[in-house]
Amino acid sequence: MHDTYPLTALPRALIEAGYDTPTYRALYEAALSARFPAKQSATGRWTFCLGDLPQIAEAMRLSDIAA
974 MHDTYPLTAL PRALIEAGYD TPTYRALYEA ALSARFPAKQ SATGRWTFCL GDLPQIAEAM
1034 RLSDIAA
């Protein structure tokens, strides 16, 4: 199982992985729309798995900053 993090950490995780990143709001709306793997806990907090970053970047059509 991958480590899970709060969705609020996703923009920084994408940047640190070398991707250009949209705003948190765009990522939040995409998570709500099930455009990428994210889970909502019983308390309503959204999380993502660090191992899903490539899939998230692809779903959000993010470019590699180094490219």
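Just so we're aligned, residue 974 is where the sequence shown starts under my numbering, counting upward by one.
All C-beta atoms in this analysis are idealised placements derived from N, C-alpha and C, irrespective of residue type, glycine included.
Given the structure is predicted, the values throughout are model-derived calculations rather than measurements.
Query	Result
Ordered along the chain, which non-local residues of its own chain (more than five positions away) have a Cβ less than 7 Å from that of residue 988?	994
Just verifying my parser: in three-state terms, what is the DSSP assignment at residue 993?	coil
Would you list the residues sitting across from residue 979 in a DSSP beta bridge?	1020
According to the Cβ coordinates, are residue 1009 and residue 1015 closer than 8 Å?	no
Based on the DSSP output, what are the partners of residue 1028 in its beta bridges?	Looking at the DSSP assignment, residue 1028 forms no beta bridge with any residue, so it has no partner.
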